[in-house]
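First comes the structure, then the notes that go with it.
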Amino acid sequence: MNIEEELGKEIVIARDGLTIGGRKFPGVIAREQMTVEPPSGNDPLWFVKLTLITETPPRFIGTKLAESGEIVIEDGVE
Numbered sequence: 139m140n141i142e143e144e145l146g147k148e149i150v151i152a153r154d155g156l157t158i159g160g161r162k163f164p165g166v167i168a169r170e171q172m173t174v175e176p177p178s179g180n181d182p183l184w185f186v187k188l189t190l191i192t193e194t195p196p197r198f199i200g201t202k203l204a205e206s207g208e209i210v211i212e213d214g215v216e
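Quick note, our numbering runs 138 ahead of the 1-based positions in the sequence shown.
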């Protein structure tokens, strides 16, 4: 995986869901649980935190779901 390429993908937040790099994720966004933090200072990174409500179960590749509900990176890299 090319991290720089992944970080550069377009993110579209719409009323009917989320699209990242042209790939649409089914579901609706919980408006009251979404925040967007623009870059500050010399840091070029945006931080987008949201809850996506869906009936489509996620698949886990390189990750797993802990009993606590948290996502665990299997290779130990965060």
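Glycine is no exception: its CB is placed at the ideal position from the N, C-alpha and C atoms.
Bear in mind that the values here come from a model prediction, so they are computed numbers and not experimental data.
Those residues which DSSP pairs with residue i across a bridge
i    : result
A152 : G155
I167 : L190
E205 : Per DSSP, none; premise fails for E205.
Local Cβ density within 10 Å of residue i, reported as buried at 16 or more and exposed below that
i    : result
L156 : buried
E216 : Confidence at E216 is low in this model, with a pLDDT of 48, below 50, so its placement is unreliable and the value that follows should be read with caution. Per the 10 Å Cβ criterion, exposed.
Delimiting residues of the beta strand (DSSP E) encompassing residue i
i    : result
I209 : 209–211
Whole-angstrom C-beta distance between residue j and residue i, which should lie under 8 Å
i    : j    : result
G159 : E142 : In fact, because the Cβ distance is near 13 Å, the residues do not count as touching under 8 Å.
Residue i and residue j closer than 7 Å at C-beta
i    : j    : result
G207 : L190 : no
E175 : F163 : no
Continuous alpha helix (DSSP H) stretch holding residue i: start and end
i    : result
E144 : 141–145
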